Each structure stands twice: as structure tokens, then as C-alpha cells.
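First comes the structure, then the notes that go with it.
In this note's numbering, the protein residues as written are 587 to 1077.
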């Protein structure tokens, strides 16, 4: 969900109260014309709402593909640019994820000021342009710079996709829509190398970018045709502007307008700093960000090293090495079941436990599913070390994939339940931390394996994952107390 999407509700309420106080009359406040107002995006025809969900989901899939689609071709580009630096080999892949970290911090507030569609369209065009620029790069420095810009533009559906779904899908159907949307960022990093492996082998690494640019260009055209503005604040403001023009009543204001006296820059600045303040002042947000950051870093560390591992240890070709990513993809897809299971688990608890304890109950499955990460790492590392048949380490990566996805699901569901109006900022803080770790941790991948070998190198990562388990139990037991003591509504 976009940073500050939910938080803006509080600002909107303040704006509404200020407006009513200033004007002393409800008729100056422009709101929806009842629950069935057709201008409310939630009341659009089903086909129109689901068309927007579909386009945003495909956008997310394509930008997620961009993170690692050319990873199998990294050895080719390193040879072409005459570099043998393992650090640069990892960085040219992970720099894209830094764009995912910092892009949402300003893309989400911009969507609240000017609308989601405007942000989508500008970023879509930028993504196509910078993808082409990557394809024609003539040195590593140029490629790394364009990869960062490509990632920033690609962060648009990551930043605003959840918000778009919240805008147009009623709560009763939102779980299904979010599940469809969640498949996109899940599949992209795992099937991207499969596609990229065969492309790089057949046409060279540059063609991974050319094909990505073609796909992005197609969906960009589709978004111009099918996407419509969904952000309620912008939709109501347009309605208020139209009514001011028609009636001549300049006192009319949108119910969701920002408080009077607050400039666009102040609103924008507040939206940017809120997630960072939550990281610094809420132990729960910080602990969960560390948890998700390590899991995300493991995913990208594996994605950035699979090609080297299976080419060097098992003699896979460039194209076939891409198939090694399918184990992680299968495990990740299996992790999607954690969401519905979490709902069932919550409903099975007796009502006597109270609604206030509900958010912490969401974290309890982590005590079991997180174990898949270290078990998978141990299996993957030691079977590669001793040249056990390639299917066994791939099974190990499937276990890791399942564990990683379970971490993301449980943390996301918990954050939404626990922080209510501030859930979007909590998720934005989480995304910032995990994307930075996801970009930087893979840089140590090859050096780690060179120093410790695949067995002990992955075992070290596995032991670190085991060390995270106490966080789950601490938050389950003391989470309510920490939430009340460090109230994020006061930030």
C-alpha cells in the first residue's frame, strides 16, 4: 500500500473539522452523494474496478521482473566490460532495489497531491526510457546509474498499487484483489531469471532489457487507455472544483482536503518523514523492519548468486541456469497460503481473548514458518558444497522461498491490524528498510561463499535467521504493551 494512503485519512478528518469550524455549515463540505454515489471509485462497475486492478498488477509484475531479469547475463556483461569485480557484479543487480527503497518516499505523497494516475503514467514512461538506456549502456558506471533510475520509476506500482486497490475495492472483496496483486511482485524476481537466462544465452544480456522495454511499452499504452483516477482526495477535490465553478460558491471544500493553512510542500514533507520517524520511535516497527529486511536480503542474495552457483558447481549453461530459480518461485507461491491460514487461525481464537490482542495473534505463525528459512539454507548450502544432485539444493531454495513469503505476509497483516490509520506508514518504513538491506546484502554474497564455502556460508545465514525467532515471541507477548507505550499517533 502507498505510503501515507491510510494516514491521510487523519489529515482529511482534521481538514473536515477545520472546514466545518471555519464555515459553520455542513453544506460547504463536498462529500460523496450517499453510499451509492457513482463518482465514488468503490461504486464503479465491477469490470472497471477489476480492469484497474489488473493493469496495476501487470505493471507491478513488469517492474519486479526488471529487478533480476538480466541476472543470468551478468557474467556476459562483466566480460564485455572487462571487469572481474564480484562486488560490482552484485551491485549492478541490487542497485535497482535501492530505487524501490527511496522511490515510494516521494512517489506516494505525490499521488496524494496530484493523483495516482499522473504518477503511474510519468513513471511508466520513465521506466521505458531508462530500460532502453540500460540496453545501450557502454560501461558499468552508465549501466549502474540507469539501473537506479529504472528502479525509482519502477517503484510506482509498488508504492501505490495497494492504495489503488484500497480506493476501489470494498473490504469484503479486498483480500482477493490483494492476493492477485501480491502475486506480481512475488513472481517477478523468481521467473525473471528464467526468462533472462534463455534470452541472454540466445541474444546476449542487452536483449533482456530490450524485451523488458517492449513489455513495459505495451502496458504503458494500456494504462493510458484503462487506468482512471481512484484516489478519493483527488476525485472529491475535482468534484469540489467543478461545483465551485458551477455555483460560484468559493467556500466549498472537499471533505478530504488538507487542513487550511497547510501548504502542498508541508503536506508532502510530512508524508515523507512519517515512516522514518516511526522507524526511530516505534520498537515494533523497527523490529519488524529488521525481520523483513533480513528475509528480503536473503532472497536477493540468492537471486544474485544462483547463476554463478549452478554454472560453476553443476555446469549449467546460461539458459538452463535460469531454471534454478524455479525452486524459489514454487516455494514463494506456496507462501501465498499463509494469508488465508492466518485468517482461519485468528477466527479459531476464543472471543474472550479480546480484540486488542488480535494483531499480535497474527505473528504467531511466524514461530513455525520462519523455521523454513534456516532449514532451507542448511539444505541448499551443504548439498551444493558436496555436489549432491542439483534437485536437492533447489528443494532447499523452495523451503527458503516459502519462509520468506510467510514473513512478508504475517508482517503485512500484522501491521495493518496493529497500526490501523498508520498502517501505510508502517509498511512504508518496512519497505524502506528491507529494500536497503535487499540491495546491500547481496554485495557480500560471493565474498561470503569464497571465504566460507557454500556450506558454512549458508549455515551462517541460517543461524542468523534462527536468531530472529525470539523477536516473534517477544512481540507476541509484549506487543500490545509496546504499542500502547510507543503510540505512533503521537508522531
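Think of the CB as a built atom: it goes at the ideal place given N, C-alpha and C, for glycine as much as any other residue. No experiment lies behind these values; they were computed from the predicted model shown.
1) State the Cα-Cα distance for the pair residue 774 and residue 654, rounded to the nearest angstrom.
2) According to DSSP, is residue 655 part of a helix, a strand, or is it coil?
3) Going by the beta-carbon positions, is the gap between residue 1054 and residue 877 smaller than 8 Å?
4) Around the Cβ of residue 993, are there at least 16 other Cβ atoms within 10 angstroms (buried) or fewer (exposed)?
5) Kindly indicate the opening and closing residues of the alpha helix (DSSP H) around residue 690.
6) Is the separation between the beta-carbon of residue 976 and that of residue 900 shorter than 8 Å?
7) Assign residue 839 to one of three DSSP states: helix, strand, or coil.
8) Do residue 695 and residue 896 come within 8 Å of each other at the CB atom, strictly closer than that value?
9) Measuring alpha carbon to alpha carbon, tell me which residue in 681, 946, 1013 is nearest residue 1061.
10) Classify residue 942 as buried or exposed, calling it buried when 16 or more other Cβ atoms lie within 10 Å of its own Cβ.
11) Hey, could you find the ends of the alpha helix (DSSP H) residue 1068 is sitting in?
12) Nearest to residue 684 by alpha carbon, out of 741, 913, 727?
13) Cα-Cα, which of 1044, 991, 692, 701 is closest to residue 769?
14) How far does the alpha helix (DSSP H) with residue 801 in it extend, from its first residue to its last?
15) Suppose the cutoff is 6 Å on Cβ atoms and the five residues either side in sequence are ignored; what does the same chain contact list for residue 664 look like?
16) Roughly how many angstroms separate the alpha carbons of residue 1039 and residue 971, rounded to a whole number?
17) Nearest to residue 710 by alpha carbon, out of 678, 809, 637, 672?
18) Here's the rule I'm using: 16 or more other beta-carbon atoms within 10 Å means buried, otherwise exposed. How should residue 954 be labelled?
19) Report buried or exposed for residue 1014, applying the criterion of at least 16 other Cβ atoms within 10 angstroms of its Cβ.
20) Just how far apart, CA to CA, sit residue 795 and residue 788?
21) Tell me which same chain residues have a C-beta within less than 6 Å of the C-beta of residue 981, skipping the five on either side of it?
22) Compare the Cα-Cα distances from residue 914 to each of 889, 923, 924, 960 and report the closest residue.
23) Residues in the same chain with beta-carbon distance under 6 Å from residue 793, minus the five sequence neighbours each way, listed in chain order, please.
24) Give the straight-line distance between the Cα atoms of residue 640 and residue 630, rounded to the nearest whole angstrom.
25) Where does the unbroken alpha helix (DSSP H) through residue 869 begin, and where does it stop?
26) Do the CB positions of residue 869 and residue 1072 come within less than 8 Å of each other?
27) With distance defined between alpha-carbon atoms, name the residue in 1069, 660, 790 nearest to residue 871.
28) Going by DSSP in three states, residue 722 sits in which element: helix, strand or coil?
29) Would residue 756 and residue 628 qualify as a contact pair, given that the criterion is a beta-carbon distance under 8 Å?
30) When the distance is taken between beta carbons, is residue 733 closer than 8 Å to residue 800?
31) Bridge partners of residue 616, per DSSP?
32) With a threshold of 16 other CB atoms inside 10 Å of the CB of residue 974, please say whether the residue is buried or exposed.
33) Whose CA, out of 1005, 917, 978, 857, lies closest to the CA of residue 772?
34) Would DSSP call residue 667 helix, strand or coil?
35) Count the other CB atoms within 10 Å of the CB of residue 632; is the residue buried (16 or more) or exposed (fewer)?
To lay it out plainly:
1) In the chain shown, the residue the question calls residue 774 occupies position 188. In the chain shown, the residue the question calls residue 654 occupies position 68. About 8 Å.
2) Taking the chain shown and counting its residues from 1, one reaches residue 655 at position 69. If DSSP states are grouped into helix, strand and coil, residue 655 belongs with coil.
3) By one-based count along the chain shown, residue 1054 stands at place 468. By one-based count along the chain shown, residue 877 stands at place 291. In contact: residue 1054 and residue 877 (Cβ atoms closer than 8 Å).
4) Reading the chain shown from its first residue, position 407 is the one you call residue 993. Residue 993 comes out buried.
5) By 1-based counting over the chain shown, the position of residue 690 is 104. Start and end: 672-700.
6) Residue mapping note: residue 976 aligns to position 390 of the chain shown, counting from 1. Residue mapping note: residue 900 aligns to position 314 of the chain shown, counting from 1. Yes; because the gap between Cβ atoms is below 8 Å, this pair is in contact.
7) Sequence index remark: in the chain shown, residue 839 carries index 253 (1-based). Note: residue 839 maps to strand in three-state DSSP.
8) Sequence index remark: in the chain shown, residue 896 carries index 310 (1-based). Sequence index remark: in the chain shown, residue 695 carries index 109 (1-based). Taking 8 Å as the cut-off, the Cβ atoms of residue 896 and residue 695 do not count as close.
9) Residue 1061 sits at position 475 when you count from the first residue of the chain shown. Closest by alpha carbon: 946.
10) The residue you call residue 942 lines up with position 356 of the chain shown. Confidence at residue 942 is low in this model, with a pLDDT of 44, below 50, so its placement is unreliable and no value can be given for it.
11) For the purposes of this step, residue 1068 is identified with residue 482 of the chain shown, where counting begins at 1. Taken as a continuous stretch (DSSP letters only), the alpha helix (DSSP H) holding residue 1068 covers 1055-1071.
12) Counting from one through the chain shown, the residue named residue 684 turns up at place 98. Here the closest residue by C-alpha is 741.
13) Taking the first residue of the chain shown as 1, we reach residue 769 at position 183. Among 1044, 991, 692, 701, the Cα nearest to that of residue 769 belongs to 991.
14) Here residue 801 refers to the residue found at position 215 when the chain shown is read from its first residue. Its alpha helix (DSSP H) spans residues 792-812.
15) In the chain shown, counting from the first residue as 1, residue 664 sits at position 78. Closer than 6 Å at Cβ, skipping near neighbours: 675.
16) As a position in the chain shown, residue 1039 is number 453, starting the count at 1. As a position in the chain shown, residue 971 is number 385, starting the count at 1. C-alpha separation (whole angstroms): 7 Å.
17) Here residue 710 corresponds to residue number 124 of the chain shown, with the count starting at 1. Comparing Cα positions, the closest option is 809.
18) The count along the chain shown starts at 1 and reaches residue 954 at position 368. With fewer than 16 other Cβ atoms within 10 Å, it is exposed.
19) The residue you call residue 1014 lines up with position 428 of the chain shown. With 16 or more other Cβ atoms within 10 Å, it is buried.
20) Stepping through the chain shown from its first residue, residue 795 is reached at position 209. Stepping through the chain shown from its first residue, residue 788 is reached at position 202. Near 14 Å, if we compare the C-alpha coordinates of residue 788 and residue 795.
21) Along the chain shown, read from residue 1 onward, the residue named residue 981 stands at position 395. Around residue 981: no qualifying Cβ.
22) Position 328 of the chain shown, counting from 1, holds the residue named residue 914. Ranking 889, 923, 924, 960 by Cα distance to residue 914 puts 889 first.
23) Your numbering for residue 793 matches position 207 in the chain shown. So the list reads 785, once near-sequence residues are dropped.
24) The residue labelled residue 640 in the question sits at position 54 within the chain shown. The residue labelled residue 630 in the question sits at position 44 within the chain shown. One C-alpha to the other measures close to 15 Å.
25) In the chain shown, counting from the first residue as 1, residue 869 sits at position 283. 869-900 is the span of the alpha helix (DSSP H), which, as asked, contains residue 869.
26) Counted from its first residue, the chain shown places residue 869 at position 283. Counted from its first residue, the chain shown places residue 1072 at position 486. Cβ atoms of residue 869 and residue 1072: closer than 8 Å.
27) Counting from one through the chain shown, the residue named residue 871 turns up at place 285. When only C-alpha atoms are compared, the closest one is 1069.
28) Indexing the chain shown from 1 puts residue 722 at position 136. Three-state result, residue 722: coil.
29) Position 170 of the chain shown, counted from the start, is the residue given in the question as residue 756. Position 42 of the chain shown, counted from the start, is the residue given in the question as residue 628. Closer than 8 Å, so yes.
30) Taking the first residue of the chain shown as position 1, residue 800 is located at position 214. Taking the first residue of the chain shown as position 1, residue 733 is located at position 147. No; because the gap between Cβ atoms is not below 8 Å, this pair is not in contact.
31) Position 30 of the chain shown holds residue 616. For residue 616, which the question treats as bridged, DSSP gives the partners 840.
32) The residue labelled residue 974 in the question sits at position 388 within the chain shown. That one is exposed.
33) Walking along the chain shown from the start, residue 772 turns up at place 186. Its Cα nearest to that of residue 772, the residue 917 stands out among 1005, 917, 978, 857.
34) On the chain shown, residue 667 is found 81 positions in, with the first residue counted as 1. Residue state, collapsed to three classes: coil.
35) Taking the chain shown and counting its residues from 1, the one referred to as residue 632 is at position 46. Under this definition residue 632 is an exposed residue.
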